[in-house]
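K.L.:
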Amino acid sequence: MLAVIFHWDTFFHYVWPPTALQNPLIRSGLWVTIYMAVLAQLIGVILGAVCALMLLSKHRALRWIAVVYVTYFRGTPVLVQLSLIYFGSAAIGIYQFPDLTVGGLMLPGIVQAGILGLGINEGAYMAEIIRAGIISTEAGQMEAAKALGMPFRTAMIWIIAPQAAKVIIPPLGNEFNNMLKSTTLVTVIGGIELFNAFEQVNSVLFEPFELFLAVSFYYLALTIAWGFVQSRIEAGLGERKGIERRPSTLRRLLGGTRVSRVSSR
Amino acid sequence: MIEAVAPEPRIFLEVSHLQKWFGAHHVLRDVSLAVQRRQVICIVGPSGSGKSTLLRCINHLEPIQEGAIRLGGQLIGYTERRGRVIPKRDREVAADRRKIGMVFQRFNLFPHLTALGNVTVAPIRVARQPKLVAEETARTLLDRVGLGDSHWKYPYQLSGGQQQRVAIARALAMEPTVMLFDEATSALDPEMIGEVLDVMKKLALDGMTMLVVTHEMGFAREVADHMVMMDAGQIVEEAPAAAFFDHPESERTRAFLSKILR
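So the sequence lines, in the order shown, correspond to chains G and H.
Per the working numbering, residue -16 is the first one in the first sequence, and the count goes up by one each step.
Per the working numbering, residue 14 is the first one in the second sequence, and the count goes up by one each step.
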């Protein structure tokens, strides 16, 4: 009979932040994971917004470029994209990803590649989300803005974007939840984020079940914490804009209530 | 004795030989119209006759295929360069539209802004007025349309009639020289039509130049200087209001009026 041996001491040591974070690898890994996710998401949102406008442009060439970008980055694995960006671009001499210090923050080359790769990938998904948000606003809104003498850009910023945001922010929150987990993929290019830190600890202790279980709880904690932030943001959005009343996160989870829409007429 | 010579009435808004197609559908057929300052012109006709499209062409929400629209002598939406007519760029079109206010059938208030926000957004973001100045003007305008107590309400908290009055105040905030009303009361419940028409009447009395597409014949008879009857993309009759209602010349107008005034 095979005995199951679970090292509770290892598990507790590494799942409990005060003890686990004494390890500098894990400490910096956690920090890298968080800022990598935030920066990659930021790049994704910016690229996505630009790309969404291109998708809606009347110029065929711009639409075409955007369609190719979205299709490519949604249609190929992130893992392959990351390898292509980090190893590929270094090998053919596009960019070597040297370590940089930006505003007192040391950005190792791998982390740069991770942020860039995850950000570019995310941009393709955000493009569709933002495009959907923009076209969900009534045509009359853009017309009313134009009739008041607003140029396209002014109308976009002050009239369309705030309304599209209501539609964009819930899926954007889900995207960020995914992003927190996708950062683990940077491990393949040797990234020094949280999962990689635990892998390194494991290479010394070789207690993978305990360690990987422990690290999974860190991701769980991050995504749950984000879930709360997200529902606060969404609730605030609904209140301030005064258009849509959303049921609470709990009520939404339990079901039974439909998201009601107060007609604007 | 010196005979006073009446000055030639100055044409302020001029639509000349306008042609407009939606694909193969010929929506406006050689439409010409001259509007003087302070004139109120009501445009009537069956649905699909091109009334709304005409208004939308005037502030260039729709491109035109032939003809010209001039406001105060300036081409709207296009420039003439070496004898050729070229579409203006986005910013230039926007500048043209500032002089023209428009009120829509479906109000199209901005749902994320309060009544005050709706009225101030263009003065602040387009005309670059300081916020306090824009808000001061907006309060005056909202008072003028009878909404002095609803500044902080969002559109969904307002009735249809109130929303449409906010929309009128919003258009006036840019100090347009002409106002276009595109069936402004057609989406309203009957008891709210009056409050919106009253605001429009006051505006006409204050001397605003107005082009009004409407089915409200009582309003038209009372307020319009001139009536325009459209059918199938053409102007079939144009006459001073009294003559139009009492002795319509065209058979088409007579048929339309008898149906609608029954």
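Virtual Cβ for every residue (Gly too), placed ideally from N, Cα, C.
Here the structure is a predicted model, which means the values were calculated and not measured.
I'd like to check one pair, Leu88(H) with Cys70(H): are the Cβ atoms closer than 8 Å?
P.N.:
no
K.L.:
Against chain H, which members of the segment 145 to 169 of chain G pass a CB distance test of less than 7 Å?
P.N.:
Pro145, Gln146
K.L.:
In the DSSP assignment, find the beta strand (DSSP E) that holds Val225(H) and state where it starts and stops.
P.N.:
Counting along the chain, the beta strand (DSSP E) containing Val225(H) begins and ends at 222 to 226.
K.L.:
Drop a sphere of 10 angstroms on the beta-carbon of Ile75(G), count the other beta-carbons inside from all chains shown, and report buried for 16 or more, exposed for fewer.
P.N.:
exposed
K.L.:
Is Phe232(H) close to chain G, meaning its C-beta is less than 8 Å from at least one C-beta of that chain?
P.N.:
For Phe232(H), no Cβ of chain G is located within less than 8 Å of the residue's own Cβ.
K.L.:
Residues of the segment 57 to 91 of chain H with a CB closer than 7 Å to any CB of chain G: list them in chain order, please.
P.N.:
Asn72, Leu74
K.L.:
Does the segment 80 to 92 of chain G touch the segment 1 to 9 of chain G, meaning 3 or more C-beta pairs lie closer than 8 Å?
P.N.:
no
K.L.:
May I ask you to report which of helix, strand or coil DSSP gives Pro153(G)?
P.N.:
helix
K.L.:
Below 8 Å between beta carbons: does that hold for Leu203(G) and Thr(-7)(G)?
P.N.:
no
K.L.:
On the CB-based measure, 16 or more other CB atoms within 10 Å of its CB, does Asp109(H) come out buried or exposed?
P.N.:
buried
K.L.:
To the nearest angstrom, report how far apart Thr92(H) and Lys214(H) are at their CA atoms.
P.N.:
So the two alpha carbons sit approximately 35 Å from each other.
K.L.:
What's the gap between the Cα of Ala32(G) and the Cα of Arg114(G)?
P.N.:
Spanning the two alpha carbons is a distance of roughly 8 Å.
K.L.:
Residues of chain G with CB closer than 7 Å to the CB of Val134(H), please, in chain order.
P.N.:
Trp141
K.L.:
Relative to the alpha-carbon of Gly85(H), which residue among Leu67(H), Asp103(H), Ala47(H) has its alpha-carbon at the smallest distance?
P.N.:
Ala47(H)
K.L.:
Mind checking if Arg157(H) is an interface residue toward chain G, Cβ cutoff 8 Å exclusive?
P.N.:
no
K.L.:
Mind checking if Val242(G) is an interface residue toward chain H, Cβ cutoff 8 Å exclusive?
P.N.:
Here Val242(G) scores only 43 on pLDDT, less than 50, and its place in the model is too uncertain to base an answer on.
K.L.:
Which residues in the same chain have their Cβ closer than 7 Å to the Cβ of Gly12(G), if we skip the five residues on either side of it in sequence?
P.N.:
Ile175, Glu176, Leu177, Asn179, Ala180
K.L.:
Between Ser199(H) and the rest of its own chain, which residues show a CB-CB distance below 7 Å, the 5 nearest in sequence each way excluded?
P.N.:
Gln118, His228
K.L.:
Does the Cβ-Cβ distance between Leu168(G) and Trp209(G) come in under 8 Å?
P.N.:
Result no, Cβ atoms of Leu168(G) and Trp209(G) do not sit closer than 8 Å.
K.L.:
Residues of chain H with CB closer than 8 Å to the CB of Glu126(G), please, in chain order.
P.N.:
Leu74, Phe117, Asn121
K.L.:
If you pair each beta-carbon of the segment 14 to 23 of chain G with each one of the segment 142 to 157 of chain G, do three or more pairs fall below 8 Å?
P.N.:
Cβ pair count under 8 Å is below three, so no.
K.L.:
Can you find the residues in the same chain that come closer than 8 Å, C-beta to C-beta, to Gln206(G), ignoring five residues on each side of it along the sequence?
P.N.:
This sequence places Thr at residue 206(G); Gln is not what is there. Once the five neighbours on either side are set aside, the close Cβ partners of Thr206(G) are Asn160, Leu163, Lys164.
K.L.:
Could you tell me the distance, in whole angstroms, from the CA atom of Leu224(H) to the CA atom of Gly27(G)?
P.N.:
47 Å
K.L.:
Using only the alpha-carbon positions, how far apart do Ala144(G) and Ala122(G) sit?
P.N.:
13 Å
K.L.:
Tell me which residue opens and which closes the alpha helix (DSSP H) that Asp211(H) is part of.
P.N.:
The continuous alpha helix (DSSP H) containing Asp211(H) extends over residues 203 to 218.
K.L.:
Is it buried or exposed for Ser60(H), if we count other Cβ within 10 angstroms and need 16 for buried?
P.N.:
Counting of Cβ neighbours within 10 angstroms places Ser60(H) among the exposed residues, the total staying below 16.
K.L.:
Indicate whether at least one CB of chain G lies closer than 8 Å to the CB of Arg141(H).
P.N.:
No, because no Cβ of chain G sits closer than 8 Å to the Cβ of Arg141(H).
K.L.:
Which partner residues of Asp244(H) appear in the DSSP bridge assignment?
P.N.:
Gln247(H)
K.L.:
In whole angstroms, what is the alpha-carbon distance linking Val94(G) and Met109(G)?
P.N.:
21 Å
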